[in-house]
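Start counting the sequence shown at 1; every next residue gets the next number (the UniProt record's numbering).
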Amino acid sequence: MKYFNYLVAGFLLLTACKKDPIEVIDATPEEVIAFRYPPGFPATVYPLGEKPVNAANFKLGRALFYSTILSSDNTVSCATCHAQTHSFADHNIALSIGVGGAVGARNAPPIFNMAWQPHFMWDGGVNHLELFSIAPITNPVEMNETMAGVIQKLNASDYWRNWFKSVYGTNEVTDQQLFVSLTQYMLMIISDGTQYDKVMKGEASFTAEQQAGYELFLQKCASCHTEPLFTDFSFRNNGLDVISVDDGRFLITQNESDRGRFKVPTLRNVLLTYPYMHDGRFFTIDQVLEHYNSGVKAHANLDPLLQNGIPLSADDKKHLKRFLETLNDYKLMGDKLLSEP
């Protein structure tokens with residue numbers, strides 16, 4: 001889910017290096033579906049203690065995520081722009097295509113590890129996961145629907161109305177039920193199956209080049225892309241333009257200091273989710289690294305950490321790319337529990 005009139009934010013990294021096979025993971029038995037807390041991850045922002053994941057609601061949310069009923073002409077689903085085969089990002093296109101071929105205004109970011117996020121969209125315009133779905137559903141260049149229209153369609157369908165009744169015990173579908181069910185599915189999209197994660201648990205090792213890249217990452221990147229989620233969820237200007245074409249966080253706060261600032265994206269799966277930045281302007285990780293090396297522009301709100309760019313030698317870039325490869329999560333892309341039912 002991407003840009004909405006009142007939400008969004010941007011900046012990122014990646015490239016496709018070697019292609020490791022997707023690891024197909026058999027679906028978890030329905031009766032034992034439960035939220036997973038990866039070792040070393042911080043506490044979740046979403047209140048799972050109050051609203052734990054349950055199998056029935058998760059399955060309903062999964063079906064809704066893959067259904068086109070949420071769009072005005074029944075052609076676009078959540079999965080259209082957040083494909084499991086692409087780490088729940090779009091299909092490697094700069095701007096997503098919505099109802100009627102409408103072109104979005106921002107790049108669709110991946111939607112894994114949502115339980116840990118304090119705000120959503122490139123500009124942080126949504127601050128609660130249960131409200132996240134409103135944006136793409138009602139955005140004219142995405143699903144182009146109204147909430148009233150979606151609820152009317154769900155209630156008009158015996159299939160959906162009966163399924164909601166089996167989960168919630170009510171005769172009519174409500175928008176709150178829709179939001180909660182979609183949230184239950186998105187909560188389970190967790191990326192923690194990378195080589196990096198195995199190294200941190202003592203189950204694997206970095207190669208010499210990966211280790212060199214990790215050390216460079218800690219020196220030059222980790223201030224914003226904080227482990228283990230590889231983002232600090234802050235809003236920053238990374239010098240893409242001298243004058244912002246997209247005002248980013250300013251559209252939400254109306255503070256001049258936020259003009260041209262976007263949410264720091266995660267680097268997990270970064271080599272699998274190109275193109276990069278809020279507008280998808282860079283298609284390779286090499287372009288991204290060169291931007292930080294020599295292309296940072298003097299925007300009035302340029303982040304202080306980037307005043308002199310990030311000098312990188314050819315070897316630095318090579319080693320950083322080797323490290324970024326360790327953040328690819330092929331298990332996520334092959335987990336049948338998350339696949340279209």
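All C-beta atoms in this analysis are idealised placements derived from N, C-alpha and C, irrespective of residue type, glycine included.
Residue closest to residue i, alpha-carbon to alpha-carbon, out of the options
{"i": "Leu240", "options": "Pro228, Leu289, Thr226, Leu229", "result": "Leu289"}
{"i": "Lys198", "options": "Gly260, Gly40, Leu312, Leu178", "result": "Gly40"}
{"i": "Leu187", "options": "Tyr168, Phe132, Gly213", "result": "Phe132"}
{"i": "Leu70", "options": "Phe120, Tyr37, Lys51, Lys153", "result": "Lys153"}
{"i": "Met143", "options": "Phe283, Ala208, Ser67", "result": "Ser67"}
{"i": "Val99", "options": "Ile310, Gly202, Asp73", "result": "Asp73"}
{"i": "Pro341", "options": "Ile33, Arg161, Ala63", "result": "Ala63"}
{"i": "Glu130", "options": "Thr170, Asp175, Ala102", "result": "Asp175"}
{"i": "Lys331", "options": "Leu272, Pro47, Thr284", "result": "Leu272"}
{"i": "Gly149", "options": "Tyr159, Thr138, Gly309", "result": "Thr138"}
{"i": "Ala55", "options": "Tyr185, Ala83, Gln117", "result": "Tyr185"}
{"i": "Pro275", "options": "Val242, Asp90, Ser77", "result": "Asp90"}
{"i": "Ala300", "options": "Glu256, Ala314, Tyr292", "result": "Glu256"}
{"i": "Met277", "options": "Ile33, Asn92, Thr75, Ala43", "result": "Asn92"}
Residue i classed as buried or exposed, judged by whether at least 16 other C-beta atoms fall within 10 angstroms
{"i": "Lys317", "result": "buried"}
{"i": "Gln219", "result": "exposed"}
{"i": "Leu327", "result": "buried"}
{"i": "Ala108", "result": "buried"}
{"i": "Val8", "result": "Reliability of the predicted coordinates at Val8 is poor, the pLDDT of 33 falling under 50, and the value obtained from them is presented with this limitation in mind. Buried, since its Cβ has 16 or more Cβ neighbours within 10 Å."}
{"i": "Ile252", "result": "buried"}
{"i": "Ile111", "result": "buried"}
{"i": "Phe4", "result": "Residue placement at Phe4 is flagged as unreliable, the pLDDT there being 37, under the threshold of 50; a coordinate-derived value is accordingly withheld."}
{"i": "residue 346", "result": "Residue 346 is absent from the model: the chain starts at 1 and stops at 341."}
{"i": "Ala298", "result": "exposed"}
{"i": "Leu12", "result": "Annotation note: pLDDT 34 at Leu12 (below 50); position unreliable, no value reported."}
{"i": "Lys336", "result": "exposed"}
{"i": "Ile285", "result": "buried"}
{"i": "Val270", "result": "buried"}
{"i": "Asp158", "result": "exposed"}
{"i": "Arg259", "result": "buried"}
{"i": "Asn238", "result": "buried"}
{"i": "Ala94", "result": "buried"}
{"i": "Val242", "result": "exposed"}
{"i": "Lys59", "result": "buried"}
Beta-carbon gap between residue i and residue j smaller than 8 angstroms
{"i": "Ala115", "j": "Val126", "result": "no"}
{"i": "Phe88", "j": "Ile189", "result": "yes"}
{"i": "Asp246", "j": "Asp279", "result": "yes"}
{"i": "Asn57", "j": "Val173", "result": "no"}
{"i": "Ser191", "j": "Asn113", "result": "yes"}
{"i": "Gln210", "j": "Phe323", "result": "yes"}
{"i": "Cys221", "j": "Ser234", "result": "no"}
{"i": "Asp329", "j": "Gly213", "result": "no"}
{"i": "Gln117", "j": "Met333", "result": "no"}
{"i": "Gly104", "j": "Lys263", "result": "no"}
{"i": "Val141", "j": "Ala102", "result": "yes"}
{"i": "Pro52", "j": "Phe35", "result": "yes"}
{"i": "Ala204", "j": "Gln195", "result": "yes"}
Distance between beta carbons of residue j and residue i, contact taken as under 8 angstroms
{"i": "Arg249", "j": "Arg261", "result": "4 angstroms"}
{"i": "Thr183", "j": "Gly61", "result": "7 angstroms"}
{"i": "Leu320", "j": "Leu178", "result": "Contact flag wrong, Cβ pair sits at about 42 angstroms."}
{"i": "Asn293", "j": "Leu306", "result": "Their Cβ separation, rounded to whole angstroms, is 11 angstroms, which puts Asn293 and Leu306 out of contact at 8 angstroms."}
{"i": "Thr231", "j": "Pro265", "result": "6 angstroms"}
{"i": "His291", "j": "Phe283", "result": "About 12 angstroms; that fails the 8 angstroms criterion."}
According to DSSP, residues forming a beta bridge with residue i
{"i": "Asn237", "result": "Leu302"}
{"i": "Tyr276", "result": "Phe282"}
{"i": "Val103", "result": "Ile97"}
{"i": "Gly248", "result": "Arg261"}
{"i": "Phe179", "result": "Answer is none; Phe179 lacks a bridge partner."}
{"i": "Val173", "result": "DSSP lists no partner for Val173."}
{"i": "Phe120", "result": "Val126"}
{"i": "Ala83", "result": "Ala89"}
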